[in-house]
Amino acid sequence: MEPSLIDITLEEIRIANEAGQLQNAIKSLAKLHPVDRADAFSDLNTTDQAVILPQLDIPSTADHLEELEDEEAAYVANALPTDILADILDEMEPDEAADVLGDLPPHRAAEALAEMEEAEDVIPLLGHPDETAGGLMTTSYIAVRPRTTAAQTIDFLRQLEPALASAVIVTAVTDSAGFTLFLGLASIFISQLS
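Taking this note's numbering, the leading residue of the sequence shown gets 174, the next gets one more, and so forth.
The following block contains the structure:
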């Protein structure tokens, strides 16, 4: 039986990495279809993944993360610097970005959301189950009224300090207990206080 294109590509990547020819490894990976690229990438050992991933351009990495299984995508995303992760998430489809964020540790998800330029497209999806549009980022949240200012929210959060260890989201709740707004803690702390 002849080796598959993915097997051939994996061997090319392994040889290129051993020879210190990172650009050749990237070229080998890039010639695959995104689905096959994700499959090949997930078959690489973590050392090769760690060497190659930071060298890919943002759109390629976004395509790659969209094709990975949820656990693998979260593992890869968690290893990235926050600013690069935010750029990649901005490049992804909002529901895919929500899935990745939902699988990250809550503090990493909040950091990435705070850095994203298009977080407003992703945040509404975070409250939906995976089967609908986006993963739940956390079941632990803090609720405030919609007209609460950032300064009032910060004062309230300081009173709740022990509870903040697991909370990432502050939710504005209407009188009828409907959610109207989801905010990452970081966005509250960097917003104007009034």
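Even glycine gets a Cβ: it sits at the ideal position worked out from N, Cα and C.
Exercise for the section: Please classify N190: is it buried, with 16 or more other beta-carbons within 10 angstroms of its beta-carbon, or exposed? Expected result: buried
Problem - Residue nearest to V224 in terms of C-alpha spacing, selected from P232, D260, L286 and Q194 - result: The shortest C-alpha to C-alpha distance from V224 to any of P232, D260, L286 and Q194 is the one to Q194.
Exercise for the section: State buried or exposed for E175, treating a residue as buried only when at least 16 other CB atoms are found within 10 Å of its CB. Expected result: exposed
Practice task
Note down the Cα distance separating L217 from A235, rounded to an integer number of angstroms.
Solution key: 18 angstroms
Practice task
Check whether the region 321-331 touches the region 290-300, counting contact only when three or more Cβ pairs, one atom from each stretch, lie closer than 8 angstroms.
Solution key: Contact between the region 321-331 and the region 290-300 is absent: fewer than 3 CB-CB pairs across the two stretches fall below 8 angstroms.
Practice task
Please report how far the alpha carbon of D209 lies from the alpha carbon of I179, in whole angstroms.
Solution key: CA-CA distance, D209 to I179, rounds to 7 angstroms.
Exercise for the section: Classify N190 as helix, strand or coil using the three-state DSSP reduction. Expected result: helix
Exercise for the section: Give a yes or no on whether the C-beta atoms belonging to I186 and L205 are separated by under 8 angstroms. Expected result: no
Practice task
Quick one: give me the first and last residue of the alpha helix (DSSP H) that H237 is part of.
Solution key: I231 to E240
Handout entry: Alpha carbon of T312 to alpha carbon of I188, nearest angstrom
Key = Summary for T312: the model assigns pLDDT 40, below 50, so the residue's position carries little reliability; its value from the coordinates is reported in the next sentence. T312 and I188 have their C-alpha atoms spaced approximately 45 angstroms apart.
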